[in-house]
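Notes to accompany the following structure.
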Amino acid sequence: MGEVLIEQIVIYGILFVLCAIMILFYLRSKKVSSKVVEKKVAVAKEEGLFEPVSLHPYIDLNTCIGSAACIADCPEKDILGVVDGKATVINTTHCVGHGACFHGCPVEAISLRIGTEKRGVDLPHINQNFETNMKGIYIAGELGGMGLIKNSVEQGQQAIENIIKSKKKPKENVLDVIIVGAGPAGISASLAAKKYGLSSVTFEQDSLGGTVFTFPRAKIVMTAPMDLPLYGKVKLHNTSKDELLNLWKKVISEHNLEIKENTKVENIFPKEDGTFKIVTKLGDEYICNNVLLSIGRRGSPRKLNVPGEDTAKVAYRLLEPERIHDKKIAVVGGGDSAIETALLLKDNNDVTLSYRKDQFSRLKPKNKKKIADCIVNKTINVIFNTNLTSIDKTSITVKYSDTDTESQIDNDLVYIFAGGELPTAFLQKAGVEISKRFGYIMKKHN
Ligand SMILES: Cc1cc2nc3c(=O)[nH]c(=O)nc-3n(C[C@H](O)[C@H](O)[C@H](O)COP(=O)(O)OP(=O)(O)OC[C@H]3O[C@@H](n4cnc5c(N)ncnc54)[C@H](O)[C@@H]3O)c2cc1C
Numbered sequence: 001m002g003e004v005l006i007e008q009i010v011i012y013g014i015l016f017v018l019c020a021i022m023i024l025f026y027l028r029s030k031k032v033s034s035k036v037v038e039k040k041v042a043v044a045k046e047e048g049l050f051e052p053v054s055l056h057p058y059i060d061l062n063t064c065i066g067s068a069a070c071i072a073d074c075p076e077k078d079i080l081g082v083v084d085g086k087a088t089v090i091n092t093t094h095c096v097g098h099g100a101c102f103h104g105c106p107v108e109a110i111s112l113r114i115g116t117e118k119r120g121v122d123l124p125h126i127n128q129n130f131e132t133n134m135k136g137i138y139i140a141g142e143l144g145g146m147g148l149i150k151n152s153v154e155q156g157q158q159a160i161e162n163i164i165k166s167k168k169k170p171k172e173n174v175l176d177v178i179i180v181g182a183g184p185a186g187i188s189a190s191l192a193a194k195k196y197g198l199s200s201v202t203f204e205q206d207s208l209g210g211t212v213f214t215f216p217r218a219k220i221v222m223t224a225p226m227d228l229p230l231y232g233k234v235k236l237h238n239t240s241k242d243e244l245l246n247l248w249k250k251v252i253s254e255h256n257l258e259i260k261e262n263t264k265v266e267n268i269f270p271k272e273d274g275t276f277k278i279v280t281k282l283g284d285e286y287i288c289n290n291v292l293l294s295i296g297r298r299g300s301p302r303k304l305n306v307p308g309e310d311t312a313k314v315a316y317r318l319l320e321p322e323r324i325h326d327k328k329i330a331v332v333g334g335g336d337s338a339i340e341t342a343l344l345l346k347d348n349n350d351v352t353l354s355y356r357k358d359q360f361s362r363l364k365p366k367n368k369k370k371i372a373d374c375i376v377n378k379t380i381n382v383i384f385n386t387n388l389t390s391i392d393k394t395s396i397t398v399k400y401s402d403t404d405t406e407s408q409i410d411n412d413l414v415y416i417f418a419g420g421e422l423p424t425a426f427l428q429k430a431g432v433e434i435s436k437r438f439g440y441i442m443k444k445h446n
């Protein structure tokens, strides 16, 4: 009897010690992962990626139980983490608004918001029909605040249906609708306009596909099933940018849609008779009864307006650096995008970085260090105090602001990073009202 009791005590003792060891290991691993996340948050703050610029998760710390379900469900990397048993945002500027964290949270501790208490985000006023305060000007897609491909596609179609319902009288030589922007919202709207027999033209300042066109090639695109006008249900859950772009291109060509790429809409002038005059960057003018703005939230790259800037060798963003070899490249600008582009291209090309000031300021610490090393090692030819004055087929000319002298540099490609013009000014010029939203809760989540 006594032996049995001792045996039991020993077994329970061993079990207790094993449990204690496991708990200790668990707590230790939690502490380690907390520290890792804390470090990531610190880096995100240093690099300006912590404060959200658009839609993002807001965590109610009183409700959060630290289950980490939000992290498991988020398709993007390092948007969320857990520190000391509570969820936290990390690289919030990279959030694309999937809303999976919101759905995944078992205790409803997450809401999706636009802007924070400190930093407001400009949102245009739109009613439930997607119409702005300017009668006849509609907005669909991410510009209205709600991101994602599926939402934009749905809104593009719905906006066109509302334009039809508004029963604005058709006029001779006046287009029923002009669609500005050919991302997911603009493509869907263009197809819907064709489906319902509206006369329309779509303008895209860049390339068909909008933000999707700019995704890195390897990115897995997550999208819920969506209805594409003139096509039907698109069931590509985990897909690639190419598959999605090819699908859009196929439907567009099958239905002979008119989408004018590389054509920026510069101004929208409301006319007294209720129509609108649309003026493109090239100076072409069009008259329409309605305008649908599906221009997203990224804005337009600022141009330098120098001779030769409109040639094919000039670009305002870098896609697929791995494909660029043995070129003489000029990168213009002194911000993080310019530095990161120069760094990505330097190993396989001959890169000159032209910046108009005498030193870099406000760079991410890691870019600051890397570019300083490149200057010392002469792996990037950095020329301060220079302004690009002209671009020719095989060279560029820069002017030194300190010496007032000019220099010609052999060149194959030019990347310009001179900042961007936000859509806000464009909307205001057209009379669309805008408000700053501070921590505004988005109601519809997909
Ligand atoms: C890195 C990243 C990853 C993402 N991943 C996903 C994902 O996996 N799944 C998902 O559903 N969503 C994802 N998103 C979000 C998604 O890409 C956007 O929500 C969606 O593209 C918005 O569509 P849109 O048509 O409203 O605007 P956009 O796609 O931004 O298109 C707007 C278009 O308007 C054009 N334009 C702007 N101004 C003018 C003008 N004046 N004249 C002519 N054209 C103009 C622009 O050039 C642009 O092509 C991601 C976003 C990013 C940045």
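According to this note's numbering, the sequence shown is numbered sequentially starting from 1. All residues carry an ideal CB built from backbone N, CA and C; glycine is no exception. Computed from a prediction, not measured in an experiment: that's the story for all the values here.
Whole angstroms is fine: what's the gap from residue i's alpha carbon to residue j's?
i	j	result
residue 262	residue 99	32 Å
residue 128	residue 181	21 Å
residue 360	residue 234	47 Å
residue 22	residue 29	10 Å
residue 248	residue 399	44 Å
residue 446	residue 96	Residue placement at residue 446 cannot be trusted, given a pLDDT of 44 that sits under 50; what the coordinates show is reported in the next sentence. Distance between the alpha carbons of residue 446 and residue 96 is about 12 Å.
residue 204	residue 179	9 Å
residue 119	residue 441	14 Å
residue 395	residue 146	44 Å
residue 8	residue 27	28 Å
residue 4	residue 65	43 Å
residue 59	residue 385	45 Å
residue 174	residue 214	33 Å
residue 370	residue 86	34 Å
residue 274	residue 141	24 Å
Does the Cβ-Cβ distance between residue i and residue j come in under 9 Å?
i	j	result
residue 310	residue 328	no
residue 188	residue 228	yes
residue 313	residue 411	yes
residue 339	residue 363	yes
residue 265	residue 304	no
residue 37	residue 82	yes
residue 198	residue 221	no
residue 51	residue 88	no
residue 94	residue 49	yes
residue 346	residue 380	yes
residue 294	residue 186	yes
residue 292	residue 160	yes
residue 183	residue 210	yes
residue 300	residue 124	no
residue 61	residue 114	no
residue 164	residue 268	no
Could you tell me which residues DSSP pairs with residue i in its beta bridges?
i	result
residue 293	139, 180
residue 86	83
residue 124	434
residue 48	Per DSSP, none; premise fails for residue 48.
residue 260	203
residue 386	400
residue 350	328
residue 440	114
residue 300	421
residue 233	227
residue 453	The structure shown does not extend to residue 453, since the chain is modelled only from 1 to 446, so the question has no answer here.
residue 38	Residue 38 pairs with nothing; no bridge assigned.
residue 91	Paired residue(s): none; residue 91 is not in a bridge.
residue 286	278
residue 254	DSSP lists no partner for residue 254.
residue 131	138
Tell me which residue opens and which closes the beta strand (DSSP E) that residue i is part of.
i	result
residue 60	Segment: none, residue 60 is in no beta strand (DSSP E) and carries neither H nor E.
residue 157	Where residue 157 is concerned, there is no enclosing beta strand (DSSP E), although the alpha helix (DSSP H) it sits in stretches over 149–165.
residue 238	238–240
residue 397	395–400
residue 228	226–228
residue 213	No beta strand (DSSP E) contains residue 213, which DSSP labels as neither H nor E.
residue 269	265–270
residue 278	276–280
residue 221	220–222
First and last residue of the alpha helix (DSSP H) that includes residue i?
i	result
residue 410	Unbroken run through residue 410 is the beta strand (DSSP E), 406–410; no alpha helix (DSSP H).
residue 368	365–377
residue 340	336–345
residue 71	69–73
residue 100	100–104
Step through the CB atoms of chain D and report whether any lies within less than 9 Å of the CB of residue i.
i	result
residue 184	Here chain D cannot be found, since the structure has a single protein chain.
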